[in-house]
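Residue numbers (my numbering): 20 to 160.
One structure is given below, encoded as structure tokens.
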Amino acid sequence: MRFVLDNSVAMRWLLSDRAPDVQDYARGVLQLLANGNAAVVPNLFTLEAANVLAKSQKRGLVTEAGARAFLALLADLDIETDATTHERALHDTLNIAMHHELSAYDAAYLELALREGLALATLDRDLSAACVKAGGKCVQP
């Protein structure tokens with residue numbers, strides 16, 4: 020199975036500062052990937068991850084070793100980066116953002132899921148609701 024992986028899920032593999040149900044969902048998605056499933060992400064995923072890593076290290080939430088371990092985990096998983104996210108930003112993604120009142124960043128994940136016909140793994144309630152409203156599916160690990 021292939022699915023779109025939202026950054027909100029992957030960051031829970033790094034930071035375990037959320038409610039148990041949130042962490043359980045993130046672990047379930049990680050298990051899907053560990054079991055040989057594949058994820059696809061918009062090309063902004065790595066920038067979002069780098070931003071969270073930098074801020075988390077600055078705040079003392081993550082050590083440098085912890086950050087390296089997280090990056091190694093990401094590298095070991097079957098996560099493909101979509102090469103055309105930027106080409107759709109000012110058209111399809113913008114339309115989705117405006118129609119569903121999402122940030123352009125969140126809309127990029129939804130646009131990718133809808134375009135590829137893939138389920139979306141997300142912890143963002145607004146993004147999840149928009150996905151369902153748009154006729155998409157959300158990953159239920």
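All residues carry an ideal CB built from backbone N, CA and C; glycine is no exception.
Limits of the alpha helix (DSSP H) - the one that residue i falls within
i	result
R144	144 to 152
V71	64 to 77
T104	104 to 107
E130	123 to 135
For residue i, the first and last residue of its enclosing beta strand (DSSP E)
i	result
R21	21 to 24
A138	138 to 140
A57	57 to 60
Through-space distance from residue j to residue i, alpha-carbon basis
i	j	result
L63	L93	15 Å
D101	G55	19 Å
Y44	A68	18 Å
L96	H110	31 Å
G136	W32	25 Å
K77	M30	16 Å
I115	K156	16 Å
Same chain, Cβ closer than 6 Å to residue i, neighbours up to 5 away in sequence not counted
i	result
T104	P61, N62, A127
Residue i and residue j closer than 8 Å at C-beta
i	j	result
D143	D25	yes
V151	A140	no
Spatial neighbours of residue i in its chain, beta-carbon cut-off 7 Å, leaving aside the 5 residues before and after
i	result
A149	H119, L121, L129
Q42	R31, S35
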